[in-house]
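Note sheet for the following structure.
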Amino acid sequence: MKALIEQLDTMAKDYLPIVQQHSDDAEIIAWSELHGWVPSDVESHLLLARQALLNAVIRQTFPDLAFYETPFDFVSAPSMLVSKIYEMAQRSQSFNFWGELYSALIPQPHRRRVGQFWTDECIVEWMVAWLLKFRIRMLVDVGCGAGNFLLKAAQFLQGGNHATRLYGFDVSPLLLNVAQAAFSTYHLPLPELAVKNYLESSLPTDADAIICNPPYTRHHHIAPDVKDRLQGFFKGKFNIVISRKATMAFYFLMKLVAEMPEGAHAAIIVPMEVLDARYGSAAKRVLCRQTVLSAIIHFSQEMNAFHKVDVGASILLFRKGHEKDNIVRHVKLTNVPTTQELLSCLDSPESQELPFGSLVIQSQGELLEIPKWSGIATFTPETKKWEQTGLVVPLKALAKVMRGIATGANEFFVLSTQEVRRRSLEPYVVRTIQRNREIQDIVLDEAAWQVLSNQGKRVWLLYLNGEVMNRHPEISSYLSEGEAKGYHHRGLVQTRKQWYFMEQRDIPPIFFTILTRGNPRFILNQAGVRPLNMFALIYPNSYVVKADCIEHLWALLNSTFSLSRLHSVSRTYGGNTLKVEPRELDNLPVINPLALPVEYRQSIKGLIDDFYRHRDAIVLVKEIDALIDTLLNSETVTQYRSSLPMQLQLLESQKKYGEMIDEK
981 MKALIEQLDT MAKDYLPIVQ QHSDDAEIIA WSELHGWVPS DVESHLLLAR QALLNAVIRQ
1041 TFPDLAFYET PFDFVSAPSM LVSKIYEMAQ RSQSFNFWGE LYSALIPQPH RRRVGQFWTD
1101 ECIVEWMVAW LLKFRIRMLV DVGCGAGNFL LKAAQFLQGG NHATRLYGFD VSPLLLNVAQ
1161 AAFSTYHLPL PELAVKNYLE SSLPTDADAI ICNPPYTRHH HIAPDVKDRL QGFFKGKFNI
1221 VISRKATMAF YFLMKLVAEM PEGAHAAIIV PMEVLDARYG SAAKRVLCRQ TVLSAIIHFS
1281 QEMNAFHKVD VGASILLFRK GHEKDNIVRH VKLTNVPTTQ ELLSCLDSPE SQELPFGSLV
1341 IQSQGELLEI PKWSGIATFT PETKKWEQTG LVVPLKALAK VMRGIATGAN EFFVLSTQEV
1401 RRRSLEPYVV RTIQRNREIQ DIVLDEAAWQ VLSNQGKRVW LLYLNGEVMN RHPEISSYLS
1461 EGEAKGYHHR GLVQTRKQWY FMEQRDIPPI FFTILTRGNP RFILNQAGVR PLNMFALIYP
1521 NSYVVKADCI EHLWALLNST FSLSRLHSVS RTYGGNTLKV EPRELDNLPV INPLALPVEY
1581 RQSIKGLIDD FYRHRDAIVL VKEIDALIDT LLNSETVTQY RSSLPMQLQL LESQKKYGEM
1641 IDEK
């Protein structure tokens, strides 16, 4: 494939620059902007030329097809290229050669703006096979792209006795041509296809099965008038108000549920952020009240099921309607099952461990009480028992969690030691840390901070919260430079009483890496820094401080017990990427140091003292894990409630009462 693309790029030079050659063709410019490409950019021209040549190859290979018009129909491909690609298609063992060719020509980062994401064959097969169990009359693929779902459905239906109409639509006429090429290569009857933007059109009224891998496009790329129209639509359908920060995948899901006929089935891939983010609560309410959820299939972080996509996605299987006492099957996959294995476990009447993961069965009526659906499939009965004893509590019961400082212009407000000294700004700065990658350890001590300082890292934060007087020429001069560069016009900066005032934070004893890939960690702050907003700041409450348990809490937070549960409270992404916002971190289960017997507290203190000698975080975590395992397997676990200070229980009661008053 790589050699083919290199050859195609050589030929593409004859068509560059496409926009200038056809400068009067507004369609090409609009097409480029739709994809988030800059028409004047050299790389964009190459991508346009690749699309043009692919479209030409398909049209010349299958001249009898009724093609969808694209802005590139003036381009013709060399016959040598046409023959070579057709021969490759004939020999290919790929599930959808033409779709894979398009994905290779237009890499994922360049498909992100328009929301084009590839769905692997095994996932396609699971979803299609589940839908076809219901002997459906019309299967609709919303945003069908290169036609993977339709192609698999056609293969399943080939030679069968049941007639099922296949219908797909997409915003890209080029991808519909790619889909037609795939069907023609495998000599399958063409599905019905149409060029449509789903947010501006509707489902066919006779559709009884919906399949969809929606575009994962951020809310910034949805036109304000489209948001306005959809918000009005959902208000009328569901009597709910939708956040303007909702992503396109969220709008697709909500619109599909609204338009599906009663009794219709759906298999939809959904980024878990759509459900687990704050705005996702509306989607969860709609799913629980308007559909009968059959199953939610989750993928473990290690699987990275969606190649080169940093988004954690799940598969929703449901029917439009309502059924009292419905049970939902949550499947957590750690390995790839066969289609038959997966379908069989979806009929299981009880929770169980599976050769390829785990299955948890739950009442649909309980779902709205669970903040993070992505963590349900790994929930264990023991966790509930420990929570009831007070041995396991949410972090918010022990500490206040806040986001780090948002400066609004790091390049101005965050400085290196050398810059601070050169400008004599020492009286106006405090210690900080800017990036996760600058601290890989679970302790930031004086020596580690000094290393960062000596390396020229930006470790000082301009920390002003009062008027700057004329008698301070050093700081006045620096602020004048900032104004000359326009920093005082930045969005966040403009919200302050004085543009140079900084958010105020006490020095946190512990801070946490909000966004990480495979190495989340709670960092003991021995260097006295005020971290920026890539970190969450953790302030243990007075009971933890008085009990001298700050380090105990830090060690327990870094245990496998808590770190493994981050996914149950976080926004889940692919590639083992984790993002945990402060309000999500509030709910992280942690072993409560205040509920531990004295001997366990003393043991943890000893392990921490040993850590300061060997400074091996892996060793500390293993030792803490072993201690926790002993604790949780103890037959006296139910006795620990009495060790929980009554003051802490009262504090939580007062907090809940205060929240009720605020709501009123």
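The sequence shown begins at 981 in our numbering and counts up by one. Even glycine gets a Cβ: it sits at the ideal position worked out from N, Cα and C.
6 Å CB neighbourhood of residue i in its chain, flanking five on each side removed
| i | result |
| --- | --- |
| V1655 | Because the chain in this structure spans residues 981 to 1644, residue 1655 falls outside the shown range and cannot be described. |
| F1077 | A1069 |
| L1273 | F1298, V1308, Q1344 |
| L1155 | G1125, A1126 |
| L926 | With the chain covering 981 to 1644 only, the question about residue 926 has no answer from this structure. |
| E1080 | S1074 |
Burial state of residue i (16 or more Cβ within 10 Å)
| i | result |
| --- | --- |
| T1227 | buried |
| R1402 | exposed |
| L1442 | buried |
| G1232 | Here the sequence assigns Phe to residue 1232, which means Gly is not the residue at that position. Flag for F1232 reads buried. |
| L1014 | exposed |
| N1060 | Per the sequence presented here, residue 1060 reads as Met, with Asn not at that position. Result: exposed. |
| K1352 | buried |
| L1371 | buried |
| R1595 | exposed |
| V1578 | exposed |
| E1333 | exposed |
| G1140 | exposed |
| E1101 | exposed |
| D1528 | exposed |
| G1462 | buried |
| E1603 | buried |
| V1022 | exposed |
| T1219 | Looking at the sequence provided, one finds Asn at residue 1219 rather than Thr. Answer is exposed; the Cβ neighbour count stays below 16. |
| Q1414 | buried |
| S1185 | Checking the displayed sequence, the identity of residue 1185 turns out to be Thr instead of Ser. Exposed, by the Cβ-count rule. |
| D1589 | exposed |
Integer-rounded CB distance, given that residue j should sit under 8 Å from residue i
| i | j | result |
| --- | --- | --- |
| A1428 | A1507 | 7 Å |
| T1412 | R1510 | 5 Å |
| Y1178 | K1215 | That pair is no contact at about 19 Å. |
| N1538 | V1439 | That belief does not hold up - the Cβ atoms of N1538 and V1439 are roughly 23 Å apart, past 8 Å. |
| E1172 | L1146 | 7 Å |
| I1295 | M1107 | 6 Å |
| L1375 | L1568 | 5 Å |
| V1122 | I1190 | 6 Å |
| I1571 | L1536 | 5 Å |
| T1144 | L1119 | 6 Å |
Chain-order list of residues whose beta-carbon lies under 8 Å from that of residue i (same chain, five-residue window excluded)
| i | result |
| --- | --- |
| E1242 | K1300, G1301 |
| E1105 | K1132, T1319 |
| S1280 | K1312, L1313, T1314, G1337 |
| Y995 | Q1001, A1029, A1032, L1033, V1055 |
| R1485 | M1382, G1384, I1385, R1510, L1517 |
| V1400 | E1406, V1409, W1440 |
| K1217 | A1238 |
| P1329 | I1341 |
| N1035 | T1050, F1052, D1053, V1055, L1154, N1157 |
| F1136 | V1108, A1109, L1112 |
Test: residue i CB closer than 9 Å to a CB of chain D
| i | result |
| --- | --- |
| P1569 | This model lacks chain D altogether; it includes just one protein chain. |
Contacts around residue i, its chain only, beta-carbon distance under 7 Å, and the 5 residues preceding and following it disregarded
| i | result |
| --- | --- |
| A1084 | M981, I985 |
| L1543 | P1500 |
| V1473 | G1388, A1389, Y1467, W1479 |
| F1359 | Residue confidence for F1359 is low, a pLDDT of 46 falling below 50, so the modelled location carries little weight and cannot support an answer. |
| W1534 | I1490, F1502, L1504 |
| S1223 | Y1259 |
| S1003 | The predicted position of S1003 is uncertain, since its pLDDT is 49 and thus under 50; no value can be drawn from it. |
| I1422 | R1501, F1502, I1503, L1504, N1538, A1597 |
Residue i CB to nearest heavy atom of the ligand HEM below 8 Å
| i | result |
| --- | --- |
| Q1088 | Among the ligands in the structure shown, none appear at all, so the ligand HEM cannot be discussed. |
- Query: Looking at C-beta atoms only, is the number of pairs between the stretch 1125–1132 and the stretch 1154–1172 that lie closer than 8 Å three or more?
  - Reply: yes
- Item | Inter-stretch contact at 8 Å, needing at least 3 Cβ pairs: the stretch 1247–1266 / the stretch 1301–1310 | no
- Would you check if the stretch 1302–1318 and the stretch 1383–1392 touch, i.e. whether three or more CB-CB distances between them fall below 8 Å? A contact is defined here as three or more CB-CB pairs under 8 Å, and the stretch 1383–1392 fails this definition with respect to the stretch 1302–1318.
- Task: Please specify which runs of the alpha helix (DSSP H), each continuous and at least 4 residues long, are wholly inside the stretch 1107–1195, giving them in chain order.
- Result: 1128–1137, 1153–1165
- At a cut of 8 Å, does the stretch 1511–1525 reach the stretch 1575–1588 through at least three beta carbon pairs? no
- Segments of 3+ residues assigned as beta strand (DSSP E) that fall wholly inside the stretch 1484–1535: Correct list: 1490–1493, 1495–1497, 1502–1505, 1515–1520.
- alpha helix (DSSP H) segments (min. 4 residues) lying fully within the stretch 1313–1399: Uninterrupted alpha helix (DSSP H) stretches at least 4 residues long and entirely within the stretch 1313–1399 occur at 1319–1325, 1361–1369, 1390–1393, given in chain order.
- Query: Which whole runs of the alpha helix (DSSP H) in the stretch 994–1077 are 4 residues long or more, in chain order?
  - Reply: 998–1001, 1006–1014, 1022–1041, 1059–1071
- Item | Minimum length 4: unbroken alpha helix (DSSP H) runs contained in the stretch 1432–1465 | 1453–1464
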